[in-house]
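See below for the structure under consideration.
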């Protein structure tokens, strides 16, 4: 005889305010199989969990039902409580009467009825549970970090410092990401490159870190602890083992007019190039699309001048396969493509309307103008500079609904730099709100205002060229007046968007993105570094717009998470996976094709039938690979497959219980 | 069969069963709760790991038991936690629609929606819409087993 205990939680007043918990418990006592039922103020608290233990002892219970919040939150807690009470943790069912009842209904009578229905369904389900045991799988002690910006470097360094090998994959020819492009960092005005390039060097030199630049992750198979990753090392056309990085090839390459993405289009580079002088690895690659040798079979100058013979025009892409136990995603951000959306700002046809990142290159001593702010059109020093914030951010119609978080601060920094570097300058910032949440940020903004930067609250409606001036028309909403500025340079604070291709790589690794394309964290408050895919963690702006300190913190956080996975030799796996009834399986193999994890294969078994030994094929589940989705179960023609914890019998019992 | 009084007709409330996948739709329902988005109390949710787990026999049994409508909700196509499960759910749903049409049951009694874990509002709106749809269709008389 099965003896079920039902525990109904009040969750303070969260549930009890709408649901009559006492009545639910009383009704539950009448359900078949229920030997004990009670309501309690907080089931998840220690006294609540002790209540389960005591009731099991006193009433000899062998199955537990808890009606409380979502099982996505506290199922592990109550499973543990069940186990502590001496019952197999899988002889337990949980039903959600908070998120699915009390929080969405106000009618007490109907809400209570619904809660009773849900408890009845859970009791029916738990009657059909059987004890399950966890199994364990080995863990590969190596991590993969995708993206070599500040988030990826921080994560790689921290995991490596923890003593585990790390493979860092970067799409660009150098690691570093966006941070080395910046001039100064707010609010301390540290030189960005001076704090970033040492980090790049230590990442490169760390004995536990292997870097693949100019590479992309092409395929990820497996699961937490046992991912198999295929990396495509794109052809570099330069043998980095031989190349000394002397740079002679770059000086001799005749094709010098290729816009350099590192300079945000403000400067040019050659076809054989290093993105910038401190690039890591500090060796060039050939941009195949722009190389005369590779496109037209002419030139070949770099091979002639190279003192070590490192140029390899016949270089091919290479596929590298590695096993890793955990993955950190750090794919970063790109800037919102404002030229496609903002016709009133000229769709990019005015050369003196630039983005904040381009401004960074203009003020940067290593940039194309050696740090002198000169406007792109005629190379003159601009006197009147207009900054426009929220270009693409907080604008549902043209861009994104969200705030990009960093623009208020970097615009304040830019405005400060403009005032600092240009004598008699006139700097105007058009803003919607000034948001300076961060240590020392508000002080920095106030200092910028004291510097003489003129903040105008309002949007800019139009920019057009008149002579060598840009006419900026907007509104000062505090004065309620139209404003016109004759500017020399306009800088747009464009929104942060997920980096190009981030959706594809999310698909390859196997986790989801949010409505804006940023990576979806497992819980917005409590699990911000995890994805719903076990063993895959998030760092930096790929998860949402972030500034450098937050990004570095998240990089370290994700590294801690990944290191925790790698710290064990093996890990326990959930036993809620498929099982085969060999006696019924016809060996048709439909499930083999359906399984997304290649967890099912046909194996041969021998059995005795009619006095003879016969061999036949049946499906067999690899418990390490099966993730328990149940697609095979619903597809099985002979009903030989079933999903432990969600068996056909259990779900049928739930369905029936609903309609009693 | 006795004709029910008009009072009984008014008292009838649709009973709807929803199969929600653990990763998207169930999370969407949780988010609707978290946001305190009010919904009609007619839907009972059964949590399944994936919409691809929903065996057609569960749906048939529910209708035989007297449920008035069934909702199968999963991750958006392409976003399945198990990569392909919801495609199987979609295929089964389309077949079901044709079978229902063929045997003379309004296909609207079985509904299929894609709701992500971030779409609490969509979940609540879906519950309201499905409840209204099933209310308009009236009680399920044809498919239910006659126990009485």
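Residue numbers (our numbering), protein chains in the order written: chain A, 1026 to 1685; chain B, 883 to 1030. Each residue gets a CB set at the ideal place from its N, CA and C atoms; glycine is no exception.
Compare the C-alpha of residue i against each of the options and name the closest.
i	options	result
residue 1463 of chain A	A:1054, A:1162, A:1431	A:1431
residue 1070 of chain A	A:1537, A:1336, A:1036, A:1480	A:1036
residue 1599 of chain A	A:1333, A:1329, A:1670, A:1435	A:1670
residue 1377 of chain A	A:1534, A:1517, A:1211, A:1536	A:1517
residue 967 of chain B	A:1652, A:1033, A:1468	A:1652
residue 1512 of chain A	A:1408, A:1030, A:1082	A:1408
residue 1505 of chain A	A:1491, A:1481, A:1172	A:1481
residue 932 of chain B	B:1021, B:996, B:1028	B:996
residue 1170 of chain A	A:1147, A:1234, A:1510, A:1568	A:1234
residue 1559 of chain A	B:964, B:1007, B:983	B:964
residue 1108 of chain A	A:1551, A:1195, A:1570, A:1082	A:1082
residue 1116 of chain A	A:1027, A:1460, A:1356	A:1027
residue 1290 of chain A	A:1319, A:1257, A:1393, A:1417	A:1393
Say whether chain A places a C-beta atom closer than 7 angstroms to the C-beta of residue i.
i	result
residue 935 of chain B	yes
residue 966 of chain B	yes
residue 1002 of chain B	no
residue 1010 of chain B	no
residue 894 of chain B	no
residue 951 of chain B	no
residue 889 of chain B	Bear in mind that a pLDDT of 49 at residue 889 of chain B, under 50, signals an unreliable position, so the model cannot answer this.
residue 932 of chain B	yes
residue 979 of chain B	no
residue 918 of chain B	yes
residue 905 of chain B	yes
residue 944 of chain B	yes
residue 1020 of chain B	no
residue 911 of chain B	yes
residue 928 of chain B	yes
residue 993 of chain B	no
Within the 7 angstroms Cβ cut-off, does residue i reach chain B?
i	result
residue 1125 of chain A	yes
residue 1656 of chain A	yes
residue 1683 of chain A	yes
residue 1680 of chain A	yes
residue 1159 of chain A	no
residue 1425 of chain A	no
residue 1677 of chain A	yes
residue 1142 of chain A	yes
residue 983 of chain A	Because chain A spans 1026 through 1685 in this model, residue 983 of chain A falls outside it and cannot be assessed.
residue 1667 of chain A	no
residue 1129 of chain A	yes
Verify whether the separation of the beta carbon atoms of residue i and residue j is less than 7 angstroms.
i	j	result
residue 1014 of chain A	residue 1630 of chain A	This structure cannot settle anything about residue 1014 of chain A, because the visible part of chain A is limited to 1026 through 1685.
residue 1410 of chain A	residue 1514 of chain A	yes
residue 1159 of chain A	residue 1597 of chain A	yes
residue 1053 of chain A	residue 1151 of chain A	no
residue 1636 of chain A	residue 1627 of chain A	no
residue 1589 of chain A	residue 1353 of chain A	no
residue 1297 of chain A	residue 1309 of chain A	yes
residue 1358 of chain A	residue 1524 of chain A	yes
residue 1136 of chain A	residue 1044 of chain A	yes
Could you please give me the residues that DSSP links to residue i through a beta bridge?
i	result
residue 1509 of chain A	A:1498
residue 1298 of chain A	A:1310
residue 1388 of chain A	In the DSSP output, where bridge partners are listed per residue, residue 1388 of chain A has none listed.
residue 926 of chain B	B:899
residue 1251 of chain A	A:1248
residue 1169 of chain A	A:1192, A:1352
residue 1591 of chain A	The partner list for residue 1591 of chain A (beta bridge, DSSP) is empty, contrary to what the question assumes.
residue 1359 of chain A	A:1522
Short of 8 angstroms in beta carbon distance, which residues of its chain neighbour residue i, apart from the five on each side in sequence? Order them along the chain.
i	result
residue 1224 of chain A	1175, 1178, 1179, 1182
residue 936 of chain B	901, 930, 954, 971, 974
residue 883 of chain B	Since pLDDT at residue 883 of chain B reaches only 40, below the 50 mark, its modelled position is unreliable, and the value read off the structure follows with that caveat. Contacts found: none.
residue 1612 of chain A	1627, 1641, 1642, 1643, 1644
residue 1154 of chain A	1088, 1115, 1116, 1117, 1118, 1670, 1675
residue 1281 of chain A	1293, 1294, 1295
Apart from the five residues just before and just after residue i, which ones in its own chain have a Cβ nearer than 6 angstroms to its Cβ?
i	result
residue 1479 of chain A	1453
residue 1606 of chain A	1665
residue 913 of chain B	1002
residue 1050 of chain A	1033, 1062, 1063, 1064
Who are the Cβ neighbours of residue i in its own chain at under 7 angstroms, not counting the five residues just before and after it?
i	result
residue 1287 of chain A	1206, 1300, 1301
residue 1647 of chain A	1624
residue 1474 of chain A	1480
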